[in-house]
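Novice: For the sequence shown, UniProt numbering puts the final residue at 175, and the numbers step up evenly by one.
A virtual CB, placed ideally from N, CA and C, is assigned to each residue, including glycine.
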Amino acid sequence: MIDRGSEVMRDVDIIFPYISDTGAYPPESCIFGLMTLISACAGIATIYARYKFVEKLSGDTRLVSPRLNYTALVFGLLSCLGMCIVATFQETAVMWVHDIGALMFFVPAFFPTAICAYFVKQTTLHRDKDDEDYPYHVASASCEWVCAFSFICFFLTYIDDFKLFTLRVKTEDVK
């Protein structure tokens with residue numbers, strides 16, 4: 001939805017724009033920010049549920065060390081914080097903060113994406129097909145989309161696991 005609106009308004013290139021480019025300018029940036037924040041909240045809930053699930057399963061078997069499980073929780077939460085930063089700071093407003101948020105989002109889940117982002121710097125939202133580096137732009141933007149959707153699909157693999165338990169939040173009075 002955001003992608004098509006950005007294309008129609010000619011805010012980005014039609015063929016494989018970077019994800020952030022589709023939400024760089026109003027009105028797309030408003031929708032992009034809101035949807036990214038909602039996704040981050042869903043990610044936090046999913047990561048926490050997965051942490052508690054693995055904690056419960058590994059309690060007796062010690063199949064996964066508690067330290068490894070906790071590290072996965074911290075990396076997942078850092079990734080979701082990165083999503084919030086990306087949503088809040090558009091690349092056209094405060095690019096360096098936006099870039100830090102993007103690294104925080106992708107590095108914990110997809111280390112190769114961070115390496116690619118380090119070597120490739122974006123200077124313009126529009127690419128000319130005759131540019132020498134145009135094929136690299138298309139490849140880079142395509143990989144960014146694949147990484148983002150892979151992250152979403154990874155969360156979807158938890159569905160069957162989450163059907164096996166009920167998560168409850170319990171509050172108690174401190175005496």
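Could you check the C-alpha separation between F154 and Y51 for me, to the nearest Å?
Specialist: Translated into positions along the sequence shown, residue 154 becomes position 154. Translated into positions along the sequence shown, residue 51 becomes position 51. Each residue's Cα considered, the two are about 15 Å apart.
Novice: Starting from D161, trace the alpha helix (DSSP H) both ways and give me its first and last residue.
Specialist: Translated into positions along the sequence shown, residue 161 becomes position 161. Note, D161: alpha helix (DSSP H), 159-162.
Novice: Considering Cα atoms alone, identify which of A93, C84, S65, C30 is closest to A40.
Specialist: As a first step, residue 40 must be located in the sequence shown, where it is residue number 40. Ranking the options by Cα distance to A40, first place goes to C84.
Novice: Given a threshold of 16 other Cβ atoms within 10 Å of its Cβ, counted over all protein chains shown, does D133 qualify as buried or as exposed?
Specialist: Here residue 133 is taken as the residue at index 133 of the sequence shown, counted from 1. By the 10 Å Cβ count, D133 comes out exposed.
Novice: Is the region 145-164 in contact with the region 42-49, if contact means three or more CB pairs nearer than 8 Å?
Specialist: The region 145-164, when compared against the region 42-49, does touch it at the 8 Å Cβ threshold.
Novice: State the DSSP-derived secondary structure class of E132, mapped to helix, strand or coil.
Specialist: As a first step, residue 132 must be located in the sequence shown, where it is residue number 132. In the structure shown, E132 sits in coil (DSSP, three-state: anything other than H, G, I, E or B).
Novice: Would DSSP call F53 helix, strand or coil?
Specialist: The residue given as residue 53 occupies position 53 in the sequence shown. Reduced to three states, the DSSP call for F53 is helix.
Novice: Please determine, among K129, A139, E144, the residue with the shortest C-alpha to C-alpha distance to V107.
Specialist: Here residue 107 refers to the residue found at position 107 of the sequence shown. For V107, the nearest C-alpha among the options comes from E144.
Novice: Let me know the secondary structure DSSP gives D173 once reduced to three states.
Specialist: Here the question's residue 173 lines up with position 173 in the sequence shown. Correct three-state label for D173: coil.
Novice: Cβ of V86 within 8 Å of Cβ of G101?
Specialist: As a working mapping, residue 86 is identified with position 86 in the sequence shown. As a working mapping, residue 101 is identified with position 101 in the sequence shown. Yes, the Cβ-Cβ distance between V86 and G101 is below 8 Å.
Novice: Using a Cβ-Cβ cutoff of less than 8 Å, which residues in the same chain neighbour T71 once the five nearest sequence positions on both sides are dropped?
Specialist: Residue 71 sits at position 71 when you count from the first residue of the sequence shown. Closer than 8 Å at Cβ, skipping near neighbours: no residue.
Novice: Assign F149 to one of two classes, buried (16 or more other C-beta atoms within 10 Å of its C-beta) or exposed (fewer than that).
Specialist: By 1-based counting over the sequence shown, the position of residue 149 is 149. When all chains shown are included, F149 counts as exposed.
Novice: Quick check: what's the CA-CA separation for S79 versus A109?
Specialist: As a working note, residue 79 is residue 79 in the sequence shown. As a working note, residue 109 is residue 109 in the sequence shown. About 7 Å.
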